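Structure first, commentary second.
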Amino acid sequence: MTNTERPVVVERWHRVTETKDLTELETLIADDAVFRSPVVFTPQEGKAATLAYLRAAVTVFGDDTGFHFVGEWYAPNSAVLEFVAELDGVHVNGVDMIEWDEQDRITRFTVMVRPIKGLQALIPRMAAQLGQA
Numbered sequence: 000m001t002n003t004e005r006p007v008v009v010e011r012w013h014r015v016t017e018t019k020d021l022t023e024l025e026t027l028i029a030d031d032a033v034f035r036s037p038v039v040f041t042p043q044e045g046k047a048a049t050l051a052y053l054r055a056a057v058t059v060f061g062d063d064t065g066f067h068f069v070g071e072w073y074a075p076n077s078a079v080l081e082f083v084a085e086l087d088g089v090h091v092n093g094v095d096m097i098e099w100d101e102q103d104r105i106t107r108f109t110v111m112v113r114p115i116k117g118l119q120a121l122i123p124r125m126a127a128q129l130g131q132a
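For what it's worth, numbering that gives the first Met the number 0 labels the leading residue of the sequence shown as 0, then goes sequentially.
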C-alpha cells in the first residue's frame, strides 16, 4: 500500500476522513492553499475555499458510502492517495493529490474522479454541500 513511512500530513488527513472530525482541517490547511476540483475548471484559491471543498467531500463520502483508501504513494512533501466509494450504487474511484509545506500544512489539494458515472453521481452532492444546488 505504501512505498515509505506515512507522512504526518497524510496521517492527519486519514484521521479527518475516518472520524469526520472537521475541526482538524482548520490547522491542516495553509492560508494560501489551492484546491483543484474534478469538476470546476478554475483552481479554488485560499484556505476558506479549500476548507469548503474538503468539508463538503468528507460529508458527501459519509459512513454509508464505503469510502476508503486503497493505495498510497509518497514523495517529499507530497502524496497520492487512491480511494473508492459507492454513491447510491454507483462506483466511484479517485485520487487525492496532496502537497504540503515545511510546517506540514496542505498547500495544494487536487482531486480526480472516475468513471464518468461516478463523477456524475458526485457533482450534485458536492453542489448541495457547497450551497450551489
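Heads up, the beta-carbon is just placed ideally off N, CA and C, and yes, glycines get one too.
Nothing here was measured: the structure is a model prediction, and the numbers come from that model.
Supposed close pair residue i, residue j - CB separation, criterion 8 Å
{"i": "R107", "j": "A32", "result": "7 Å"}
{"i": "D100", "j": "A29", "result": "6 Å"}
{"i": "T58", "j": "E85", "result": "Not quite, the Cβ-Cβ distance comes to about 16 Å (not below 8 Å), so this is no contact."}
{"i": "L80", "j": "D95", "result": "5 Å"}
Identity of the residues DSSP links to residue i by a beta bridge
{"i": "S77", "result": "A74 and E98"}
{"i": "A68", "result": "In the sequence as presented, Ala is not what sits at residue 68; that position holds Phe. Note: F68 sits in a beta bridge opposite F82."}
{"i": "T109", "result": "R35 and M96"}
Extent of the continuous alpha helix (DSSP H) to which residue i belongs
{"i": "T18", "result": "V7 to T18"}
{"i": "V39", "result": "Unbroken run through V39: none, as it is neither H nor E."}
{"i": "R54", "result": "K46 to V59"}
Span of the beta strand (DSSP E) around residue i
{"i": "R124", "result": "Not the beta strand (DSSP E): R124 falls in the alpha helix (DSSP H), residues I115 to Q128."}
{"i": "R35", "result": "I28 to R35"}
Candidates the options, of which the one nearest residue i by Cα
{"i": "V91", "options": "I97, V83 and T41", "result": "V83"}
{"i": "D103", "options": "E25, K19 and E17", "result": "E25"}
{"i": "F68", "options": "A126, W12 and V7", "result": "W12"}
{"i": "T16", "options": "L121, Y73 and D62", "result": "D62"}
{"i": "A55", "options": "L27, G70, K19 and P6", "result": "K19"}
{"i": "L121", "options": "G93, L50, I105 and I97", "result": "G93"}
Burial state of residue i, where buried means 16 or more other Cβ atoms lie within 10 Å
{"i": "F60", "result": "buried"}
{"i": "V9", "result": "buried"}
{"i": "A127", "result": "exposed"}
{"i": "R14", "result": "exposed"}
{"i": "I176", "result": "This structure leaves residue 176 out entirely; the chain is present only between 0 and 132."}
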